[in-house]
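A.B. asks: Numbering (the working numbering), first residue to last: 4 to 177.
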């Protein structure tokens, strides 16, 4: 009788452990439906998508917000191609080349999850304010300045100027 109880307990314990391992692997690899390079970058950046929460709200660091905002800002300039923002990320945010590359890959995906550049920029601005309470505003402005300089004319487009107005409104600097 004890042997049967012990065997049942071992089977139940093994099943419980197997389900936990399976669930953990599912959360890491399958929580975000994205291309393989984006999932790999998210894993290296330690991004964890929370269930039933928007991807932008799941961002955990101000640097991720700033890089995604720079991506959204660059996408607002429809006349030019996406500039290489990695040097600005390394220079102003103090990132390693690998981190800058991962954030340059991850940023456009976050923007796409936010519904496009303009709505994503506003949501990301609010998330940045929640994360660091305005301490990263200077870094953000420097990165956006580099993105603007890399644009077609070196001047912000109308959509980018509107985004700067939303940024000022949210951070209450105007």
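All residues carry an ideal CB built from backbone N, CA and C; glycine is no exception. All of these numbers come straight from a predicted model, not from anything done at the bench.
Consult DSSP for residue 59 and reduce its assignment to one of helix, strand or coil.
C.D. replies: As a working mapping, residue 59 is identified with position 56 in the chain shown. DSSP places residue 59 in coil when its eight states are reduced to three.
A.B. asks: Leaving out five residues before and five after residue 105 in sequence, what residues of the same chain have Cβ atoms less than 7 Å from its Cβ?
C.D. replies: Taking the first residue of the chain shown as 1, we reach residue 105 at position 102. These residues qualify, in order along the chain: 44, 47 and 48.
A.B. asks: Looking only at its own chain, which residues have a Cβ that is under 8 Å from the Cβ of residue 137, when we skip the five neighbours before and after it?
C.D. replies: For the purposes of this step, residue 137 is taken as the residue at position 134 of the chain shown. Closer than 8 Å at the Cβ level, and outside the excluded window around residue 137, lie 174.
A.B. asks: Taking 8 Å as the threshold, find out whether the region 132-151 comes into contact with the region 87-102 through three or more Cβ pairs.
C.D. replies: With the cut-off at 8 Å, the region 132-151 and the region 87-102 touch.
A.B. asks: Determine the direct distance from the alpha carbon of residue 40 to that of residue 13, and round the result to whole angstroms.
C.D. replies: Residue mapping note: residue 13 aligns to position 10 of the chain shown, counting from 1. Residue mapping note: residue 40 aligns to position 37 of the chain shown, counting from 1. Approximately 40 Å, taken between the alpha carbons.
A.B. asks: Give me the residue from 143, 36 and 65 with the minimum Cα distance to residue 54.
C.D. replies: Taking the chain shown and counting its residues from 1, the one referred to as residue 54 is at position 51. Nearest of 143, 36 and 65 to residue 54, Cα basis: 36.
A.B. asks: Assuming contact is defined by CB atoms lying nearer than 9 Å, are residue 59 and residue 172 in contact in what I supplied?
C.D. replies: For the purposes of this step, residue 59 is identified with residue 56 of the chain shown, where counting begins at 1. For the purposes of this step, residue 172 is identified with residue 169 of the chain shown, where counting begins at 1. No, Cβ-Cβ distance for residue 59 and residue 172 is not below 9 Å.
A.B. asks: Please work out which residues of its chain come closer than 7 Å, Cβ to Cβ, to residue 160, disregarding the five sequence neighbours upstream and downstream, and give them in chain order.
C.D. replies: Numbered from its first residue, the chain shown carries residue 160 at position 157. The answer, listed in chain order, is 79 and 80.
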